[in-house]
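Data first, discussion second: the structure below is written as structure tokens.
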Ligand code: ATP
Ligand code: FE
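In UniProt numbering, the protein residues as written are 56 to 386.
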């Protein structure tokens with residue numbers, strides 16, 4: 056079985072060809088990062104146009120790299136949400152054109168389910184039930200995956216996701232946003248003292264597994280203001296002291312942002328094990344999961360509670376075409 060996957064839910068146009076044994080035959084991503092930097096976020100109409108411009112080329116390239124034509128495909132899979140509806144439509148229309156033209160079935164895929172299940176491509180031991188933490192710019196979800204299509208949501212964000220907090224903090228700190236805020240903060244944080252600025256850990260008084268990052272975001276903004284950091288001066292031209300004080304904020308923010316994840320994961324694991332004692336893995340996926348500090352800290356928590364951490368490589372953590380096609384049981 057060979058499936059073409061198409062993903063256009065947000066700002067990346069992605070396509071991949073995957074075989075049912077889990078082999079990724081090709082993967083092509085066209086990013087709108089330059090648009091994002093220019094306009095400071097995703098503007099749906101503009102993103103839709105950008106998708107429309109490149110979708111044919113991205114799909115063609117994915118087929119070429121896999122040495123396939125449409126005739127070799129068994130099915131076409133496509134993200135159907137959550138995401139920007141204007142953008143999703145570009146992918147769905149493309150999938151329809153191919154499926155219609157070559158008489159193939161279309162498989163609609165839930166984008167977040169894909170983020171959780173893509174781990175099965177790399178970890179062959181991963182069996183249901185398992186837990187998953189999805190951390191990206193728009194989502195902060197803790198789920199218990201009992202079986203294909205059977206998910207229990209253990210926690211979600213009540214306001215912002217952690218990636219949004221990384222992105223805004225990076226912007227206010229005047230960091231280079233050409234990739235995205237997350238990697239810029241991760242890098243700068245290595246130069247700072249993570250205990251120099253005291254931020255409070257979100258939602259300590261709520262004994263559940265939900266998340267909140269809006270308050271921490273505000274705390275970061277206030278710290279930046281009180282240290283008189285001017286985001287208009289890019290970090291590359293900041294003085295030594297200025298750079299150090301930005302690094303201290305980045306490191307302190309990251310420590311607390313991740314501590315919040317650690318606390319909620321620990322509680323969720325303890326809950327979930329009562330329901331499903333056979334759980335062995337916690338999958339961490341989404342753009343923020345490519346952060347080394349995040350991985351290391353979560354690894355400690357997960358091991359302490361008797362589980363194993365499964366972290367797909369960065370190219371599978373973020374939005375991509377093959378995370379829409381791994382849903383093997385769905386075929
Ligand atoms: P969705 O929530 O719909 O999946 P998204 O576009 O945010 O949307 P991703 O591509 O999975 O999805 O994730 C991007 C996010 O991940 C951004 O907020 C980015 O800052 C963050 N990110 C990427 N790399 C890192 C990193 N090294 N450290 C922290 N955050 C990171
Ligand atoms: Fe995503």
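Beta carbons are placed, not taken as given, at the ideal position from N, Cα and C, and that holds for glycine.
Simplified DSSP assignment, three categories, for residue 212: In the structure shown, the three-state DSSP call for residue 212 is strand.
Per-residue DSSP class, three states only, for residue 202: Assigned with DSSP and collapsed to three states, residue 202 falls in strand.
Nearest-angstrom Cα separation, counted from residue 260 out to residue 68: Each residue's alpha carbon lies about 41 Å from the other.
8 Å contact criterion, which residue 59 and residue 103 should meet: CB distance rounded: No, residue 59 and residue 103 are not in contact; Cβ-Cβ is about 21 Å, not under 8 Å.
Residue 347 (DSSP reduced to helix, strand or coil): Note: residue 347 maps to helix in three-state DSSP.
Own chain partners of residue 178 with C-beta closer than 6 Å, once the 5 adjacent residues on each side are dropped: By the criterion of a C-beta distance shorter than 6 Å, residue 178 is surrounded in its chain by 365, once the five residues flanking it on both sides are discounted.
Residues of its chain near residue 326, where Cβ-Cβ distance is below 8 Å and the 5 sequence neighbours each way are ignored: Taken in chain order, the residues that qualify are 209 and 264.
Euclidean distance between Cα positions of residue 384 and residue 77: Reliability fails at residue 384, whose pLDDT of 40 lies under 50, so the model's placement of it is uncertain and no value is given.
Burial state of residue 277 (16 or more Cβ within 10 Å): The residue is exposed, with fewer than 16 neighbouring Cβ atoms inside 10 Å.
Top-ranked residue by Cα proximity to residue 152, from 316, 119, 83 and 132: In this structure, 132 is the residue among 316, 119, 83 and 132 with its C-alpha nearest to the C-alpha of residue 152.
Local Cβ density within 10 Å of residue 361, reported as buried at 16 or more and exposed below that: Under this definition residue 361 is an exposed residue.
Where the alpha helix (DSSP H) containing residue 60 begins and where it ends: That residue, residue 60, is in no alpha helix (DSSP H); its beta strand (DSSP E) goes 57–62.
Near the ligand FE: residue 191 beta-carbon under 7 Å from a heavy atom: Flag set: Cβ of residue 191 near the ligand FE.
Residue 373 beta carbon near the ligand ATP (any heavy atom closer than 7 Å): Yes.
Closer than 7 Å: residue 224 CB and nearest the ligand ATP heavy atom: In this structure, the C-beta of residue 224 stays at least 7 Å away from each heavy atom of the ligand ATP.
Opening and closing residue of the beta strand (DSSP E) in which residue 123 lies: Per DSSP, residue 123 lies in no beta strand (DSSP E) and is assigned neither H nor E.
beta-carbon residue 106 near the ligand FE non-hydrogen atom, thresh 7 Å: Taking the Cβ of residue 106 as the reference point, every heavy atom of the ligand FE lies at 7 Å or farther away.
For residue 244, the nearest candidate out of 233, 174, 228 and 359 (CA to CA): Minimum Cα distance to residue 244 is reached at 228.
Exposure of residue 280, with buried meaning 16 or more beta-carbon neighbours within 10 Å: When all chains shown are included, residue 280 counts as exposed.
Host alpha helix (DSSP H) of residue 273 (start-end): First-last of the alpha helix (DSSP H) with residue 273: 269–281.
Sufficient close CB pairs (3 or more, under 8 Å) joining the segment 197–212 to the segment 345–361: Result no; under three Cβ-Cβ pairs closer than 8 Å.
Counterpart residues of residue 132 in DSSP-defined beta bridges: BP columns for residue 132 point to 60 and 162.
For residue 219, the nearest candidate out of 268, 302, 101 and 341 (CA to CA): Closest in alpha carbon position to residue 219, among 268, 302, 101 and 341, is 268.
N-terminal and C-terminal residue of the beta strand (DSSP E) that residue 10 is part of: In the structure as shown, the chain begins at 56 and stops at 386. Residue 10 is therefore absent and cannot be evaluated.
Closer than 7 Å: residue 261 CB and nearest the ligand FE heavy atom: Distances from the CB of residue 261 to the heavy atoms of the ligand FE are all 7 Å or more.
Heavy atom of the ligand FE within 7 Å of residue 315 beta-carbon: For residue 315, the CB stays at least 7 Å from every heavy atom of the ligand FE.
CA-to-CA distance, residue 157 to residue 31, given in whole angstroms: Outside the modelled stretch of the chain, which goes from 56 to 386, sits residue 31, for which no answer is possible.
Stretch pair the segment 284–295 + the segment 306–313: three plus CB contacts closer than 8 Å: Not touching, per the Cβ criterion.
Beta-ladder partner(s) of residue 362, from DSSP: None; residue 362 has no bridge partner.
Own chain partners of residue 373 with C-beta closer than 8 Å, once the 5 adjacent residues on each side are dropped: Cβ within range, chain order: 67, 191, 341, 342 and 345.
Whole-Å CB distance - residue 169 paired with residue 185, under 8 Å assumed: In fact, because the Cβ distance is near 15 Å, the residues do not count as touching under 8 Å.
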